[in-house]
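The numbering used here numbers the first residue of the sequence shown as 11 and each following residue consecutively.
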Amino acid sequence: MVQLACLCDVEYGAISTIERGIVNCTISTAYAVTQALNVSLDKLVENNP
């Protein structure tokens, strides 16, 4: 998660709280993650158990 935070230019704590389900992700953070991971937003949010 530290690497993802760096790639997204988002604080580690923000990524951590999103990952743990404590807070919801903002659109801007979601977009930053899609850019860092080179995936589309629909792939980021799809729910595959």
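Here a beta-carbon is modelled for each residue, glycine too, at the ideal position from N, C-alpha and C. Remember, it's a predicted structure, so these values are computed and weren't measured experimentally.
Within the model, the alpha-carbon separation for Ile25 versus Ser38 is close to 12 Å. Per DSSP, the continuous alpha helix (DSSP H) segment holding Val12 begins and ends at 12-18. Of the other Cβ atoms in all chains shown, 16 or more fall within 10 Å of the Cβ of Cys18; this residue is therefore buried. For Ser38, the uninterrupted alpha helix (DSSP H) segment begins and ends at 37-47. Taking C-beta atoms as the reference points, Val20 and Ala40 fail to come closer than 7 Å.
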